[in-house]
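Chemist: The structure under discussion is supplied below as structure tokens; questions concerning it will follow.
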Amino acid sequence: MRISTPTPVSGASRRHSTNSRARELDPRSQRTLAALLAYFAGYNELGWALESPEQELLFRLSPAAFDTDRAWWGQSVAIMASQRGDK
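Count the sequence shown with our numbering and you get residues 1460 to 1546, in order.
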């Protein structure tokens, strides 16, 4: 029996996969896109995996996209800014 080792996935490949998923969403559904961006930025701090236009949109989201949780919204936006090197 031959055991193969997993192939490492680059950050670029992960971003491409993430963006492919985002494009599968109904483009008319901005609410769904906002929820997806909030999910990536909020859980496990995955905002870095988003492309620049999606990151910019994330900064324009209101706390409503984060289940009206202002603390979660503020923390997610602050972490995304830090990941981008903003101070």
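Quick reminder that beta carbons are idealized off the backbone N, C-alpha and C, glycines included.
What you are looking at is a predicted structure, and each value in this text was computed from that prediction instead of being measured.
1. If we ignore side chains and look at the alpha-carbon of each, how far apart do Gly-1544 and Pro-1522 end up?
2. By how many angstroms is the C-alpha of Glu-1504 removed from the C-alpha of Arg-1519?
3. Measure the C-alpha to C-alpha separation of Ala-1402 and Met-1539 and round it to an integer number of angstroms.
4. Can you have a look at Gly-1533 and say buried or exposed, based on whether 16 or more other CB atoms are within 10 angstroms of its CB?
5. Between which two residues does the alpha helix (DSSP H) containing Leu-1516 stretch?
6. Measure the C-alpha to C-alpha separation of Ala-1497 and Thr-1491 and round it to an integer number of angstroms.
Modeler: So, from the data block:
1. Approximately 23 Å, taken between the alpha carbons.
2. 17 Å
3. A question about residue 1402 goes unanswered here, because the residues of the chain that appear run from 1460 up to 1546.
4. exposed
5. 1511-1519
6. 10 Å
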